Amino acid sequence: MTQVSERSGNVSHSPAETLSPVLPTAVEDAASKLLRACCDARFKIATAESCTGGLLASLLTDVEGASHAFERGFIVYSEESKCELLGIARNQIDMCGAVSRDVAIAMAQGTIRQSAADIALAITGYAGPTNDGGEEGLVHFACTGRSRTTRHRVEHLGAIGRGPIRIAAVTVALDMMMDAVRDA
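Numbering (the working numbering), first residue to last: 2 to 185.
Now the structure itself:
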């Protein structure tokens, strides 16, 4: 298990109790560093995940003491859940598509509204082949805060497989959140 001490910022690992067999050590280290930075800044973070299916929230909650910084996570895999849980207008999804810049931004903004977090990160994309011609590996990210500009990023990860796409997306998300904490 990865552990962050709120007071000292020390990190320790016990791989048998985490996703370590699946995730690269660098990804776990990035999650620990993010949570430590959030604790130091007294920030709470929240996530909204579609194509990663909760992998980011799971990674963050693998870190002991995560509750000091991780406020909540939404898994909004279906279009309906994006509307119901995050308040995204159905017509916005119909017009832009669930995997789009506009919907990623709306997801991040909905996450801020539905939480007590200071920073929210949203991920929506295609982790595998689609029936409707969507680009496999296309992932949109949005990161926002209560008094911060919303940032968007798009990645074209390619047809590298569901697992590698999800891991790459989580890596980008951690980087975006760390940038938001540093810039605050």
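A virtual CB, placed ideally from N, CA and C, is assigned to each residue, including glycine.
Note that the structure is a prediction, hence the values are computed from the model and not measured.
- Give the straight-line distance between the Cα atoms of Cys40 and Ile89, rounded to the nearest whole angstrom. 30 Å
_Proximity below 8 Å, CB of Thr112 to CB of Phe75_ = yes
* To do: Taking all protein chains shown into account, decide if Gly164 is buried (16 or more other Cβ within 10 angstroms of its Cβ) or exposed.
  => So Gly164 counts as exposed.
Q) What's the C-alpha gap between Val140 and Leu158? A) The C-alpha of Val140 lies about 8 Å from the C-alpha of Leu158.
Q) Around the C-beta of Thr145, are 16 or more other C-beta atoms found within 10 angstroms, so that it is buried, or is it exposed? A) buried
- Query: To the nearest whole angstrom, what separates the beta carbons of Leu60 and Leu24, a pair I think is in contact under 8 Å?
  - Reply: 7 Å
Q | Length-filtered (4 minimum) alpha helix (DSSP H) runs lying within the segment 44-131 | A | 56-62, 80-87, 91-97, 102-114
**Report entry** Ala1 and Thr125 closer than 8 Å at C-beta
**Finding:** As shown, the chain starts at 2 and ends at 185. That puts residue 1 outside it, with no answer to give.
>> According to DSSP, is Arg147 part of a helix, a strand, or is it coil?
In response: coil
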